Amino acid sequence: MKDIVTTEFKARYGEDPTFIIRAPGRVNIIGEHTDYNDGFVLPMAINRAVWVALRPRKDATVKVYSVNFESEESFDLNDFSHTDAGWIEYVKGVSWALLQDGYALSGWEGVLAGDVPGGAGLSSSAALELAVGRAFEAVAGETWDGTKLALAGQNAENNWVGANTGIMDQMISANGEAGHALFIDCRSLDTELVPLPEGTCIVVMDTSTRHSHVDGEYNERRAQCEAAASAFNVKALRDVSVADFNAKAAILEPLTQQRARHVVTENERTVAAANAMKAGDVAALGQLMNASHVSMRDDFEISSTALDKMVEIAQAQPNCYGARMTGGGFAGCAVALVDVGAAEGFVAAVAPAYKEATGLKPALYVCDATDGARLIED
Ligand code: GLA
Numbered sequence: 000m001k002d003i004v005t006t007e008f009k010a011r012y013g014e015d016p017t018f019i020i021r022a023p024g025r026v027n028i029i030g031e032h033t034d035y036n037d038g039f040v041l042p043m044a045i046n047r048a049v050w051v052a053l054r055p056r057k058d059a060t061v062k063v064y065s066v067n068f069e070s071e072e073s074f075d076l077n078d079f080s081h082t083d084a085g086w087i088e089y090v091k092g093v094s095w096a097l098l099q100d101g102y103a104l105s106g107w108e109g110v111l112a113g114d115v116p117g118g119a120g121l122s123s124s125a126a127l128e129l130a131v132g133r134a135f136e137a138v139a140g141e142t143w144d145g146t147k148l149a150l151a152g153q154n155a156e157n158n159w160v161g162a163n164t165g166i167m168d169q170m171i172s173a174n175g176e177a178g179h180a181l182f183i184d185c186r187s188l189d190t191e192l193v194p195l196p197e198g199t200c201i202v203v204m205d206t207s208t209r210h211s212h213v214d215g216e217y218n219e220r221r222a223q224c225e226a227a228a229s230a231f232n233v234k235a236l237r238d239v240s241v242a243d244f245n246a247k248a249a250i251l252e253p254l255t256q257q258r259a260r261h262v263v264t265e266n267e268r269t270v271a272a273a274n275a276m277k278a279g280d281v282a283a284l285g286q287l288m289n290a291s292h293v294s295m296r297d298d299f300e301i302s303s304t305a306l307d308k309m310v311e312i313a314q315a316q317p318n319c320y321g322a323r324m325t326g327g328g329f330a331g332c333a334v335a336l337v338d339v340g341a342a343e344g345f346v347a348a349v350a351p352a353y354k355e356a357t358g359l360k361p362a363l364y365v366c367d368a369t370d371g372a373r374l375i376e377d
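Per numbering that gives the first Met the number 0, the sequence shown starts with residue 0, numbered consecutively.
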């Protein structure tokens, strides 16, 4: 990817780029649909990322060529508005959010390219947002706080692009570190790096399915969670323990009860998973992932036939500690915790078994946990 953006930059501008930025996608190990409930998540940044090669401009123009979309777009930082909804809206949205937060922005031009598959639940949009944030930081010659950039990315996504998502994806793309998952308290935004257990690796399993009405389902789940929190008279479901929930669940109508049970138990599982990871207890971590999948499938109802099949096949492999669907749901990816020595055999067994069962050709990636969005210096 670095070569791709550098070569394209040179072809367009006849010189090397001044700055190269890399911002990763992510996979969530556990803690799903908990972020907008002020709860806990445990994602890691992966070795698939958005890259931007750029040089500063003397004026207030931002001009970007996307290698993936084979298109060039530009706008003036002093005067820009929405056009049609394409990738450039993320660039504009981050500019808008940073300006709102009082950052002084100046123009730049460059080339974007990425290898985070879109719509797969690996946060290609958060990676793009953080790449743009760090691009403006590099041009300003300053050091900007990762969490503030994450919040600006979320603001762009919520209020410019119009997707009502939580803070997890931007936080991990901003603040990830190699070899670690990141335990995030989505209320305080405190983070803790948790080393991946020795001898294991994370495998992302793309079902090759995509869902087109995710926004409506996502917003509906959010509304159900908010209704449950208000019935319990708390700010967010984060404030309800499993014991509280069990004592008071009957006040909720059955569907809201199911949704709330997922969030309340998922928060508890996520805290337990971070502790299991710290203790190197891979068996416990795997069991928590398996239980998370059941909760998403049966209570939150965000899985799909393809995701369930992928998870079932993964869980049946020797040396797989646990597996679950990951991300917003309905389609996209599942994630498995696998013995590092068995990873190749795992991929070689799961891919054909999934294809045989569904007729779909999956993509499996053995993932490294990588650093968050930053300037690449060499
Ligand atoms: C999407 C959103 C996140 C989070 C997950 C579900 O990835 O962008 O904020 O809510 O879904 O855990």
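All C-beta atoms, glycine included, are put in the ideal place defined by N, C-alpha and C. None of these values were measured; they are calculated from a predicted model.
7 Å CB neighbourhood of residue i in its chain, flanking five on each side removed
i: Ser65; result: Trp86 and Leu111
i: Lys308; result: Tyr353, Ala356 and Thr357
i: Asp214; result: Ala162
i: Ser294; result: His261, Thr264 and Glu265
i: Arg221; result: Tyr35 and Asn163
Chain-order list of residues whose beta-carbon lies under 6 Å from that of residue i (same chain, five-residue window excluded)
i: Lys62; result: Ser73 and Glu108
i: Thr146; result: Leu188
i: Trp159; result: Gly92 and Trp95
i: Val346; result: Leu363
Of the residues the options, the one placed nearest residue i, counting alpha carbons only
i: Gln316; options: Ala333, Ala348 and Val334; result: Ala348
i: Ala342; options: Ala313, Phe329 and Thr369; result: Ala313
i: Ser187; options: Phe68, Val138, Asn245 and Asp34; result: Asp34
i: Gln384; options: Lys9, Thr82, Leu76 and Thr369; result: The structure shown does not extend to residue 384, since the chain is modelled only from 0 to 377, so the question has no answer here.
i: Glu141; options: Leu104, Thr208, Leu251 and Asp168; result: Leu104
i: Asp168; options: Ile201, Lys247, Leu121 and Val239; result: Leu121
i: Asp144; options: Ser80, Ser207, Tyr102 and Pro16; result: Tyr102
i: Gly340; options: Ser70, Asp370, Asn245 and Thr199; result: Thr199
i: Leu127; options: Ala139, Ala155, Val138 and Ala137; result: Ala155
i: Cys332; options: Leu148, Ala282 and Val115; result: Val115
i: Ala119; options: Ser229, Ser211 and Val131; result: Ser211
i: Val281; options: Ile375, Ser70 and Asp338; result: Asp338
i: Ala151; options: Ala228, Ala137, Met170 and Val138; result: Met170
Neighbourhood of residue i by C-beta, 8 Å cutoff - its chain only, sequence neighbours within 5 removed
i: Leu41; result: Asn27, Ile28, Ile29, Gly30, Ala180, Leu181, Phe182, Ile183, Val193, Thr269, Ala272, Ala273 and Met276
i: Asn266; result: Gly30, Thr33, Asn36, Gly38, Phe39, Leu236 and Arg237
i: Arg11; result: Tyr64 and Val110
i: Asp15; result: Thr5, Phe8 and Lys9
Helix, strand or coil at residue i [DSSP, three-state]
i: Phe231; result: coil
i: Met167; result: helix
i: Glu311; result: helix
i: Leu181; result: strand
i: Gln111; result: In the sequence on display, residue 111 carries Leu and not Gln. Leu111: strand per DSSP, three-state reduction.
i: Ala84; result: coil
i: Asp205; result: strand
i: Leu192; result: strand
i: Trp50; result: strand
i: Arg382; result: Missing from the structure shown is residue 382; the chain here goes from 0 to 377 and no further.
i: Gly24; result: strand
i: Leu374; result: strand
i: Tyr217; result: helix
i: Ala33; result: Checking the sequence, you will find Thr at residue 33 rather than Ala. Coil, per DSSP.
i: Arg56; result: coil
Run of the beta strand (DSSP E) containing residue i, from where it starts to where it stops
i: Ser383; result: The structure shown does not extend to residue 383, since the chain is modelled only from 0 to 377, so the question has no answer here.
i: Ser123; result: No beta strand (DSSP E) contains Ser123, which is instead part of the alpha helix (DSSP H) from Ser123 to Ala139.
Residue i, enclosing alpha helix (DSSP H) - first and last residue
i: Asn158; result: Taken as a continuous stretch (DSSP letters only), Asn158 belongs to no alpha helix (DSSP H), as it is neither H nor E.
i: Met288; result: Val281 to Ser294
i: Val270; result: Pro253 to Ala278
Cα-Cα separation between residue i and residue j, rounded to whole angstroms
i: Gly106; j: Val51; result: 14 Å
i: Gln223; j: Ile19; result: 42 Å
i: Asn157; j: Asp189; result: 21 Å
i: Arg54; j: Thr325; result: 36 Å
i: Lys57; j: Ala134; result: 15 Å
i: Ala44; j: Ala177; result: 8 Å
i: Thr17; j: Asn318; result: 46 Å
C-beta neighbour in chain D for residue i, strict 9 Å
i: Ile19; result: As a matter of chain content, chain D is missing from the structure shown, which is built from one protein chain.
Any non-hydrogen atom of the ligand ADP closer than 8 Å to residue i Cβ
i: Ala278; result: As far as ligands go, the structure on display features the ligand GLA and does not contain the ligand ADP.
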